[in-house]
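Below is one structure; the comments refer to it alone.
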Amino acid sequence: MMESLFYIAALVALVATVAALTRSNAAHALIYLIVSLLAVAVLFFLMGAPFAAALEILIYAGAIMVLFVFVIMMLNLGETGDIRERQWLRPRNWIVPGVMAALLLLELLLALRHAPTLTSGVAVAPKDVGLALFGPYVLAVEIASMLLLAGLVGAYHLGRRFIVRREGRSN
Amino acid sequence: MLCAQVTSVNGTVDDLFVRFGADLFDLQSTADHTPTLWVDRGNLLEVLTHLKPRFPMLLDLFGIDERLRQHKPAAAADFTVVYHLFNLADREEIRIKVAVSDADSNVPTAVGVWANANWYERETWDMFGVQFSGHPNLRRILLPPTWEGHALRKEHPARATEMEPFSLSEEQQEQEQEALLFKPEEWGMARATEDTEFMFLNLGPNHPSVHGVFRIVLQLDGEVVVDAVPDIGYHHRGAEKMGERQTWHSYIPYTDRIDYLGGVMNNLAYVMTVEQMAGIVVPDRAKVIRIMLAELFRISSHLVFYGTFAQDVGQMSPVFYMFADRERLFGIIEAITGGRMHPAWFRIGGVAQDLPRGWERMVREFIDAMPARLDHYQIMAMDNSILKRRTVDIGSYTTAEALEWGITGASLRATGMDFDLRRDRPYGGYDQFEFEVPLGHKGDSYDRAVVRVEEIRQSLRIVRQCLDNMPEGAYKSDHHLTTPPPKERTLQDIETLIHHFLNVSWGPVIPPGEGSFPIEATKGINNYHLVSDGGTTSYRTRIRTPSFPALQQLPLISRGFMIPDLIAIIASIDFVMADVDR
Amino acid sequence: MSELGTISFGLFIILAAVGGAAVLTWFERRLLGIWQDRYGPNRLGPFGILQVAADMLKLLTKDDWVPPFADRMVFIFAPTAIVVAMLLGFAVVPFGPDLYVLDINIGLLFFLGMTSLAVYSVLLAGLASNNKYALLGGLRSAAQMVSYEVFMGLSLMGVVMLTGSFSMRAIVEAQRDMWYCIPQILGLFTFMIAGIAESHRLPFDLPEAEHELTAGFHTEYSGMKFAMFMLGEYLGLILICCMITTLFFGGWLGPWLPPVVWFCLKVFALICFFVLLRAAIPRPRYDQLMSLGWKFMLPLTLLNLLLTGAIALALRG
Chain A
1 MMESLFYIAA LVALVATVAA LTRSNAAHAL IYLIVSLLAV AVLFFLMGAP FAAALEILIY
61 AGAIMVLFVF VIMMLNLGET GDIRERQWLR PRNWIVPGVM AALLLLELLL ALRHAPTLTS
121 GVAVAPKDVG LALFGPYVLA VEIASMLLLA GLVGAYHLGR RFIVRREGRS N
Chain B
1 MLCAQVTSVN GTVDDLFVRF GADLFDLQST ADHTPTLWVD RGNLLEVLTH LKPRFPMLLD
61 LFGIDERLRQ HKPAAAADFT VVYHLFNLAD REEIRIKVAV SDADSNVPTA VGVWANANWY
121 ERETWDMFGV QFSGHPNLRR ILLPPTWEGH ALRKEHPARA TEMEPFSLSE EQQEQEQEAL
181 LFKPEEWGMA RATEDTEFMF LNLGPNHPSV HGVFRIVLQL DGEVVVDAVP DIGYHHRGAE
241 KMGERQTWHS YIPYTDRIDY LGGVMNNLAY VMTVEQMAGI VVPDRAKVIR IMLAELFRIS
301 SHLVFYGTFA QDVGQMSPVF YMFADRERLF GIIEAITGGR MHPAWFRIGG VAQDLPRGWE
361 RMVREFIDAM PARLDHYQIM AMDNSILKRR TVDIGSYTTA EALEWGITGA SLRATGMDFD
421 LRRDRPYGGY DQFEFEVPLG HKGDSYDRAV VRVEEIRQSL RIVRQCLDNM PEGAYKSDHH
481 LTTPPPKERT LQDIETLIHH FLNVSWGPVI PPGEGSFPIE ATKGINNYHL VSDGGTTSYR
541 TRIRTPSFPA LQQLPLISRG FMIPDLIAII ASIDFVMADV DR
Chain C
1 MSELGTISFG LFIILAAVGG AAVLTWFERR LLGIWQDRYG PNRLGPFGIL QVAADMLKLL
61 TKDDWVPPFA DRMVFIFAPT AIVVAMLLGF AVVPFGPDLY VLDINIGLLF FLGMTSLAVY
121 SVLLAGLASN NKYALLGGLR SAAQMVSYEV FMGLSLMGVV MLTGSFSMRA IVEAQRDMWY
181 CIPQILGLFT FMIAGIAESH RLPFDLPEAE HELTAGFHTE YSGMKFAMFM LGEYLGLILI
241 CCMITTLFFG GWLGPWLPPV VWFCLKVFAL ICFFVLLRAA IPRPRYDQLM SLGWKFMLPL
301 TLLNLLLTGA IALALRG
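Residue numbers (the working numbering), protein chains in the order written: chain A, 1 to 171; chain B, 1 to 582; chain C, 1 to 317.
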């Protein structure tokens, strides 16, 4: 039962990802990407990492992708965007990235050849995740938070410049 | 009529004569004794510019088609453009008239002198085909761009029966569709700047918050209004044209529907002008009845404003309370007049009937209950911090700007301008009443609401004084032009019989002349300029409404705000589309 | 519960929630009527309750129309998303000690995840309608939801700290001595506001603000698809009330009456409160709402978190 669920979710994730890559309509591509993320969340859950699954939904599907959709709404792409996308999706543009992706896949398969089992069989409770993050991996957490802070300051800086320019013009 | 030699009656006219020489002007006498000067169009701008400091407000600007007029003033040609100026500080008026011929109807534009001349000149061009040279945007304003002819010209048909049956061919339909296509450039808007692509939003003609059929084209950067261009005329019904075919009396019901929230207040402005032209004196009881009804309608109109104002900033409940109050008020009005929103109850020379038995009790109950309810609404709506945050400092303008744009009424008083025609130039008996004129000080959306809310209380005060001091006597003047004389008297002498016969078969014949009578209506100054050519109908009916200039000013006060602010501004200026488009 | 029992209970909850949302449409109008000096729907059946059936018939028989300029697939998908997400959210609500569909150790996170997915419904509707009002509504909603989700999650962390678990049942059990509405009063306040914002009801109905955006994101919707949005909104309201009950008002706990009755009574009282709120408060402006969220509510939740953590540590010694 669990195993079949796993494969179904994995298949959904794969198909949705491929669709996300090949759709010419940006909104449709994003919806596929969201579906793919949700499928990955299911995978996490089945592999005994419910906390990671919840975060996948909350952060990636629930917040980051919302911003993606937001940006698409702001851009007002319409028909012209569709046509441009379709041009980018011509097969000959795909040869090089396709080969590279295939190589990566091969490498991954080789590396996973000796992987023991599908899941560890032990569910990781949220508490354990927290203990691990603020125990052995505290340095990583701190570095990540510094990075986010830097991103925040950078975004503010970029946005501020635009606001200053606009105010200057209106005066 | 031509009386350049006549020593003038008035300081302003003297001053003009001294400055420009008396030969330049033709003085016309009018029923309202407002100095009316004819000027050659070559000197027009100079005269207007000279008058501007003294008359900061262009009250009205309109045309008259003189071609069929029998009792034409000596200086008149084919068309006349009338500039009605107003000096609020000294309660002084003056009219400047310019005569043009049909073949060469160019008049220099006054947009540079008074900003609000813009729409008025467009309307005059739309209705008469008078050209205004130098006008920035001389397009149709009330009629659709595909309209043929100029509707208020005498040769333009007034009734559908005078025209071919309506038909719309495929070709015409395509033309109409083409005319509807929105091109930002035609509206004076750019599509983009170097780093922003603007979004154009069509707010209206059907939108929950535009209070009728009113369209605003918005140029948006995100939700910020870069520019807003109002588009009016969707509610135009040719009320002024109808005035030229209805008898003096039968036009009264049409006035009700101009400011359809003001009810008899519209009747008042109209009948006061007619009475002035005919020299009819209204008995005291009729005066007090009129004031009482007019103030009740002011309350009713302000209640609608109050409710929709709260509703437009997103508060759901107040409007239900206020409409319930309005319903009680309509109960009283129905008991007195038989009608509710449009009673058409005033008559030339008085009112239609005497007050019914028991009216005192109904009115007393209402005015006793209202103050407590208003206190309740104050807490619920006006004191609400979110409502304040939505409206304070939103859409504000100064007194000078308000005057420049012809803003009158509560919207003007919200800027701190202490002016109310009822107190400062009392008409129809208002000098006998005690009331205060509430003022704002910032001229923002919140102050406009505060002033109106306070006006409800003052109107209640006036109604109470009417109630306590209702004089006895006739409810209608005895004048032969107002009502058919009593039957008994017609049987006694031939003179009365003739009047009776004429009045019943034709309606009254108002002596030739012209005049106007500005009154403080629910939304500002309402003014009917009537021209009688000695007939049973008006030769020209011009309706100056307070809502029209208010909408013209809208872009000025909404630029740089967000869409919700624009809605709050629209809610706060209290207009009625029928009042704008007529 | 057995597997079969769980599934049938799940189905029952779906039916009950949808039915409850339908009745709520009538109940809210009646309640608003009482508060606004008028009647509300009172003609059909006793107290007008059959109005629900009439409305449903009307919506069901309406032409199922998709505007020709809309993005068909997304346009149809959007309204279903909110209903599905909200119904899934009910899975983790414990209606009684043994009445629940799912009791997982990330129950609270699951609820947050489902509400965050409901955003897509509004967003995609705004995008797919190809209408400017809908677009503005969608944009507003994206900004509003993302901002308010941040402290919606944070406002609940105080509760999690005190309980030491994300499991909804554990949270209720931990309230035997004292409901969390007392120690977590700040959390309750912020969660309630975030909850209204998430279910976009007045005063936080900016995405659909009818006075500004005609109907916002669902301007182009009619018939059944419109009904789905309404259903989703009312489901959201019920779900938020269930959550507040569970997290702050001791869930099913209470003397004398059976637990389920206590739960329903508390939810009902909260719904009435939310309807009253709708009747009373005007709508803030979009940027005011955002600054309220980021400049006031977020610091408040962080403060609550700090205080709760400090006190919890101090008590534990």
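Beta carbons are placed, not taken as given, at the ideal position from N, Cα and C, and that holds for glycine.
N-terminal and C-terminal residue of the beta strand (DSSP E) that residue i is part of
| i | result |
| --- | --- |
| Lys487(B) | Not the beta strand (DSSP E): Lys487(B) falls in the alpha helix (DSSP H), residues 487 to 490. |
| Met265(B) | Met265(B) -> not in any beta strand (DSSP E); alpha helix (DSSP H) instead, spanning 264 to 278. |
| Phe62(B) | 57 to 65 |
| Asp565(B) | Asp565(B) -> not in any beta strand (DSSP E); alpha helix (DSSP H) instead, spanning 563 to 572. |
| Arg215(B) | 215 to 221 |
Residue from the options whose Cα sits closest to the Cα of residue i
| i | options | result |
| --- | --- | --- |
| Phe296(C) | Leu32(C), Gly107(C), Thr214(C), Phe189(C) | Phe189(C) |
| Phe320(B) | Leu24(C), Thr6(C), Gly40(C), Ser8(C) | Gly40(C) |
| Trp248(B) | Lys487(B), His235(B), Ile258(B), Met277(B) | Met277(B) |
| Tyr7(A) | Leu30(A), Val66(A), Phe45(A), Leu33(A) | Phe45(A) |
| Val83(C) | Gly254(C), Cys242(C), Ala227(C) | Ala227(C) |
| Phe237(C) | Met192(C), Gly254(C), Gly5(C), Ile13(C) | Before going further, note that residue 237(C) is Leu rather than Phe in the sequence given. Comparing Cα-Cα distances from Leu237(C) to each of Met192(C), Gly254(C), Gly5(C), Ile13(C), the minimum goes to Met192(C). |
C-beta atoms of residue i and residue j nearer than 8 Å
| i | j | result |
| --- | --- | --- |
| Ser155(C) | Asn105(C) | no |
| Cys466(B) | Ile336(B) | no |
| Glu208(C) | Ile567(B) | no |
| Asn526(B) | Asp60(B) | no |
| Phe90(C) | Ala17(C) | yes |
| Gln36(C) | Ser317(B) | yes |
| Val98(B) | Val39(B) | yes |
| Leu282(C) | Gln432(B) | Sequence inspection shows Pro at residue 282(C); the Leu mentioned does not correspond to that position. Result no, Cβ atoms of Pro282(C) and Gln432(B) do not sit closer than 8 Å. |
| Val450(B) | Ile232(B) | no |
| Ile289(B) | Tyr446(B) | no |
| Val274(B) | Ile510(B) | yes |
| Ala142(C) | Ala70(C) | no |
| Leu481(B) | Thr490(B) | no |
Unbroken alpha helix (DSSP H) run spanning residue i, endpoints
| i | result |
| --- | --- |
| Val52(C) | 51 to 61 |
| Ile462(B) | 445 to 468 |
| Trp262(C) | 259 to 280 |
| Trp26(C) | 3 to 35 |
| Ile106(C) | Neither: Ile106(C) is in no alpha helix (DSSP H) and is coded neither H nor E. |
| Gln605(B) | For chain B, the structure presents residues 1 to 582; residue 605(B) sits outside this window and is missing. |
Neighbourhood of residue i by C-beta, 7 Å cutoff - its chain only, sequence neighbours within 5 removed
| i | result |
| --- | --- |
| Arg583(B) | Nothing can be reported for residue 583(B): it is not among the residues displayed for chain B, which extend from 1 to 582. |
| Leu108(C) | Leu156, Val160, Phe166, Met168 |
| Arg91(B) | Asp424, Arg425 |
| Phe128(B) | Gly63, Asp65, Phe79, His150, Leu152, Arg153 |
| Phe249(C) | Trp179, Cys181, Lys266 |
| Arg169(A) | For Arg169(A), the predicted model reports a pLDDT of 47, less than 50, meaning its position is unreliable and no value from the coordinates is stated. |
Close beta carbons around residue i, own chain, < 8 Å, minus the five adjacent residues each side
| i | result |
| --- | --- |
| Thr7(B) | Any reading at Thr7(B) must be qualified, since the residue scores a pLDDT of 41, below 50, and its modelled position is unreliable; the value itself is stated next. None. |
| Leu105(A) | none |
Close beta carbons around residue i, own chain, < 6 Å, minus the five adjacent residues each side
| i | result |
| --- | --- |
| Phe95(C) | Val260, Phe263 |
| Trp506(B) | Thr536 |
| Val119(C) | Met145 |
| Leu133(A) | Val141 |
Beta-carbon separation (whole angstroms), residue i vs residue j, contact threshold 8 Å
| i | j | result |
| --- | --- | --- |
| Pro555(B) | Asp227(B) | 6 Å |
| Ala219(C) | Ala134(C) | Reading the sequence as shown, one finds Thr at residue 219(C) and not Ala. The pair is a contact, with the Cβ atoms about 5 Å apart (cut-off 8 Å). |
| Phe366(B) | Leu329(B) | 7 Å |
| Leu231(C) | Ala21(C) | 5 Å |
| Val172(C) | Val66(A) | Rounded, the Cβ-Cβ distance is 31 Å, inconsistent with contact. |
| Met628(B) | Arg298(B) | Residue 628(B) is absent from the structure shown; chain B starts at 1 and stops at 582. |
| Tyr286(C) | Leu206(C) | 6 Å |
| Ala521(B) | Asp126(B) | Wrong, their Cβ atoms sit about 24 Å apart, outside the cutoff. |
Near the ligand ADP: residue i beta-carbon under 7 Å from a heavy atom
| i | result |
| --- | --- |
| Asp128(A) | You won't find the ligand ADP in this model; it holds no ligand whatsoever. |
Give the residues from the stretch 248 to 269 of chain C that approach chain E closer than 9 Å (Cβ to any Cβ), ordered along the chain.
Of the protein chains in this structure, namely A, B and C, none is chain E.
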